[in-house]
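Numbering of the sequence shown is given in this note's numbering, commencing with residue 1 and proceeding in unit increments.
The structure under discussion appears below in the form of structure tokens.
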Amino acid sequence: MPLEKLFTGSATAKIIDVLWENQKTDLTLTEIANKAGIHYTSLMKALPLLERLGMVTMTRQVGNAKLYKINKGDAMVKRLIKLLDELNARLDVRPAERKPVKQEIPVPKKISGSIPKSPRPGLEIRKNLDSAVSRINEGNQS
């Protein structure tokens, strides 16, 4: 298989790096994406190939969360890590820390409208939410 097919972008390399650095524990998809500094969608594009190749395995499932680990026994993983170690030694490179991807949600300056009234239980929750909306609006006016 050509390298360009395996490494279709830096996401694949980052996933392997993160799983190798955390080889003593299994990680959730969200943990892998955050530690690798990649978006979840990039992870979901790259991970199936790594699983098919046997380089990464799903270790268990807790509720809806699937946990993954690098397959240290895989011959390709062993050769890849050996190559990486040799390259790092030649270049005198130390593993760089990756920053988690921050996906910020914009906060509106002023919230308009109110929460619809309902004859169902939960009136107290609605009052608390209306109160919170009022505080946000007051804070944005100053």
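Built from N, CA and C at the ideal position, the CB exists for glycine as well.
With DSSP as the reference, please indicate the residues paired to glutamine 61 in a beta bridge.
Lys66
Mind checking alanine 33: buried by the 16 CB within 10 Å criterion, or exposed?
buried
Just checking, does the stretch 70-80 make contact with the stretch 53-61 on the three C-beta pairs under 8 Å criterion?
yes
Using DSSP with H/G/I as helix, E/B as strand and the rest coil, what is leucine 27?
strand
Within 10 angstroms of the Cβ of threonine 147, are there 16 or more other Cβ atoms? Answer buried if so, exposed if not.
In the structure as shown, the chain begins at 1 and stops at 142. Residue 147 is therefore absent and cannot be evaluated.
CB alanine 89 to CB threonine 28, shorter than 7 Å?
no
Using 7 Å as the threshold, is the C-beta distance between alanine 13 and serine 42 below it?
no
Please report the residue range of the alpha helix (DSSP H) in which methionine 55 lies.
Taken as a continuous stretch (DSSP letters only), methionine 55 belongs to no alpha helix (DSSP H), as it is neither H nor E.
When the Cα atoms are used, what is the spatial distance from glycine 63 to aspartate 26?
15 Å
Which term fits lysine 35, buried or exposed, when burial requires 16 or more other beta carbons within 10 angstroms of its beta carbon?
buried
Rounded to whole angstroms, what is the Cα-Cα separation between valine 178 and isoleucine 136?
Here the chain has residues from 1 to 142 only, and residue 178 is not among them.
Among Ile15, Lys24 and Ser131, the one whose alpha carbon lies nearest that of threonine 30
Ile15
Quick check: what's the CA-CA separation for glutamine 23 versus isoleucine 70?
6 Å
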